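Chemist: Residue numbers (my numbering), protein chains in the order written: chain A, 1 to 257; chain B, 258 to 271.
All C-beta atoms in this analysis are idealised placements derived from N, C-alpha and C, irrespective of residue type, glycine included.
In this text, all values refer to a predicted model and were calculated from it rather than measured experimentally.
Dropping a structure here in structure tokens format, bear with me for questions.
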């Protein structure tokens, strides 16, 4: 028996919107730790890891570890039927081949059940070791989304370079090239509007903008984004989900021939 | 142009 009641049901709606274009089918894993997902995109270039900790749910019952295979587009379709203020409960019986999403309006005058078929997904689970990153950039998520969108109208790849001067996002394409430099800026009143750069070593890496743009679909989940870079590793683009956990995107770099 | 690496080249299956 599994029963997870999430008062902020719209968090789940936002999570689905953030991952459904990157990943088609995925196993959601449920354990005493929380509700999680790890999946790669079809070309195995990017990986998404989601964690919603059990403490973040109003009610969390998970009698034994369960892995539920879901088509994310279908799940998103069902969650779109929940109101933004609705309480969402995820329910599944042991051994069942369906999952039920229950939506309750805040004043309990409307209750809806949406039952979705589960699927068997043979997915590869990867171990991601803790890493020391050469540079960690924390910036407003809307600013990062804007930069990715702007640069993708010029080129297909972005070079992210971190130096003492700041973080530079560069692209080049047929019509020309573009560079956006963001400097550390902690003087603004609100911490969510500041840019901080923690640099241990300068680093410069090249990534496909198509994936970066896809990651920015998670922008509604968090006002800030953290970009962790190391010269020999995939970049980690992390959106914290307040009081609940995170959604992390890992993207393998492009290297010169 | 540059070659796109795969995420599985960095992280191992568990």
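Could you tell me whether the Cβ of residue 175 of chain A comes closer than 8 angstroms to any Cβ of chain B?
Modeler: Residue mapping note: residue 175 of chain A aligns to position 175 of the first chain, counting from 1. For residue 175 of chain A, the answer is no, since every Cβ of chain B falls outside 8 angstroms of its Cβ.
Chemist: Can you confirm whether residue 298 of chain A, when its beta carbon is compared against all beta carbons of chain B, has any partner nearer than 8 angstroms?
Modeler: Coverage of chain A is limited to positions 1 through 257, which leaves residue 298 of chain A absent and any answer about it impossible.
Chemist: Does the beta-carbon of residue 197 of chain A have 16 or more other beta-carbons within 10 angstroms, so that it is buried, or is it exposed?
Modeler: As a working mapping, residue 197 of chain A is identified with position 197 in the first chain. That one is buried.
Chemist: Mapping DSSP to helix, strand and coil, what is residue 259 of chain B?
Modeler: Taking the second chain and counting its residues from 1, one reaches residue 259 of chain B at position 2. Looking at residue 259 of chain B - three-state DSSP - the assignment turns out to be coil, as it is neither helix nor strand.
Chemist: Could you please give me the residues that DSSP links to residue 157 of chain A through a beta bridge?
Modeler: On the first chain, position 157 is the one that residue 157 of chain A refers to. In DSSP, residue 157 of chain A forms a bridge with A:208.
Chemist: Helix, strand or coil for residue 63 of chain A per DSSP?
Modeler: As a first step, residue 63 of chain A is located in the first chain; it is residue number 63 there, counting from the start. Of the three classes helix, strand and coil, the one that applies to residue 63 of chain A here is coil, per DSSP.
Chemist: Could you check how far apart the C-beta atoms of residue 231 of chain A and residue 188 of chain A are, in whole angstroms? I think they sit under 8 angstroms.
Modeler: Walking along the first chain from the start, residue 231 of chain A turns up at place 231. Walking along the first chain from the start, residue 188 of chain A turns up at place 188. Separation of the CB atoms of residue 231 of chain A and residue 188 of chain A is rounded to 30 angstroms, and the pair is thereby denied contact status at 8 angstroms.
Chemist: Please name the residue, chosen from A:14, A:54 and A:39, that lies closest to residue 30 of chain A on a Cα-to-Cα basis.
Modeler: To locate residue 30 of chain A, count along the first chain from 1; it is residue 30. Considering only alpha carbons, the answer is A:54.
Chemist: Can you tell me which of A:177, A:227, A:136 and A:240 puts its alpha carbon nearest to the alpha carbon of residue 155 of chain A?
Modeler: As a working note, residue 155 of chain A is residue 155 in the first chain. Comparing Cα-Cα distances from residue 155 of chain A to each of A:177, A:227, A:136 and A:240, the minimum goes to A:177.
Chemist: In terms of residues, what are the limits of the beta strand (DSSP E) holding residue 81 of chain A?
Modeler: The residue you call residue 81 of chain A lines up with position 81 of the first chain. In the DSSP assignment, residue 81 of chain A falls outside any beta strand (DSSP E) and carries neither an H nor an E.
Chemist: From residue 9 of chain A to residue 209 of chain A, what distance separates their C-alpha atoms?
Modeler: The sequence position of residue 9 of chain A within the first chain is 9, counting from 1. The sequence position of residue 209 of chain A within the first chain is 209, counting from 1. Cα to Cα, the separation comes out at about 30 angstroms.
Chemist: Applying the 10 Å Cβ sphere with the 16-neighbour rule, what's the burial state of residue 253 of chain A?
Modeler: As a working mapping, residue 253 of chain A is identified with position 253 in the first chain. Its Cβ being crowded by 16 or more others within 10 Å, residue 253 of chain A is buried.
Chemist: Do residue 82 of chain A and residue 190 of chain A have their beta-carbon atoms positioned less than 8 angstroms apart in this structure?
Modeler: As a first step, residue 190 of chain A must be located in the first chain, where it is residue number 190. As a first step, residue 82 of chain A must be located in the first chain, where it is residue number 82. Result no, Cβ atoms of residue 190 of chain A and residue 82 of chain A do not sit closer than 8 angstroms.
Chemist: Here's the rule I'm using: 16 or more other beta-carbon atoms within 10 Å means buried, otherwise exposed. How should residue 86 of chain A be labelled?
Modeler: What you label residue 86 of chain A is simply residue 86 of the first chain in a count that begins at 1. With 16 or more Cβ atoms within 10 Å of its Cβ, residue 86 of chain A is classed as buried.
Chemist: CA-CA distance, residue 119 of chain A and residue 200 of chain A?
Modeler: The residue given as residue 119 of chain A occupies position 119 in the first chain. The residue given as residue 200 of chain A occupies position 200 in the first chain. The straight-line gap from Cα to Cα measures roughly 45 angstroms.
Chemist: Could you list the residues in the segment 193-209 of chain A with a C-beta less than 8 angstroms from some C-beta on chain B, going in chain order?
Modeler: 206 and 208
Chemist: If you check the beta carbons only, do residue 227 of chain A and residue 50 of chain A fall under 8 angstroms apart?
Modeler: Taking the first chain and counting its residues from 1, one reaches residue 227 of chain A at position 227. Taking the first chain and counting its residues from 1, one reaches residue 50 of chain A at position 50. No, they are not a contact pair.
Chemist: With which residues is residue 143 of chain A paired in a DSSP beta bridge?
Modeler: Counting from one through the first chain, the residue named residue 143 of chain A turns up at place 143. None, per the DSSP bridge assignment.
Chemist: Residues in the same chain with beta-carbon distance under 8 angstroms from residue 98 of chain A, minus the five sequence neighbours each way, listed in chain order, please.
Modeler: The residue you call residue 98 of chain A lines up with position 98 of the first chain. Hits under 8 angstroms: 92, 115, 116, 117 and 118.
Chemist: Out of A:170, A:223 and A:255, which has the shortest C-alpha to C-alpha gap to residue 193 of chain A?
Modeler: Within the first chain, numbered from 1, the residue matching residue 193 of chain A stands at position 193. The candidate whose alpha carbon is nearest that of residue 193 of chain A is A:223.
Chemist: What's the call for residue 160 of chain A, buried or exposed, on a 16-neighbour Cβ count within 10 Å?
Modeler: Mapped onto the first chain, residue 160 of chain A falls at position 160. It is buried - the Cβ of residue 160 of chain A has at least 16 other Cβ atoms within 10 Å.
Chemist: How about residue 149 of chain A and residue 17 of chain A: do their beta carbons lie closer than 8 angstroms?
Modeler: Walking along the first chain from the start, residue 149 of chain A turns up at place 149. Walking along the first chain from the start, residue 17 of chain A turns up at place 17. Contact: no.
Chemist: Classify residue 134 of chain A: buried if its beta carbon has 16 or more other beta carbons within 10 angstroms, exposed otherwise.
Modeler: In the first chain, residue 134 of chain A corresponds to position 134, counting from 1. That one is buried.
Chemist: For the segment 38-60 of chain A, list every residue whose C-beta sits within 7 angstroms of some C-beta in chain C, in sequence order.
Modeler: Here the protein chains are A and B, and chain C is not one of them.
Chemist: Out of A:151, A:219 and A:137, point me to the one whose CA is closest to residue 183 of chain A's CA.
Modeler: Taking the first residue of the first chain as position 1, residue 183 of chain A is located at position 183. Out of A:151, A:219 and A:137, A:137 has the C-alpha closest to the C-alpha of residue 183 of chain A.
Chemist: Rank A:4, A:170, A:233 and A:60 by C-alpha distance to the C-alpha of residue 100 of chain A and give the top, closest one.
Modeler: Start at 1 with the first residue of the first chain, and residue 100 of chain A comes out as number 100. Of the candidates A:4, A:170, A:233 and A:60, the one whose C-alpha sits nearest the C-alpha of residue 100 of chain A is A:4.
Chemist: Name, please, each residue of chain B whose Cβ falls closer than 8 angstroms to the Cβ of residue 252 of chain A.
Modeler: Here residue 252 of chain A corresponds to residue number 252 of the first chain, with the count starting at 1. Residues of chain B passing the Cβ test: 261, 262, 263, 264, 266 and 267.
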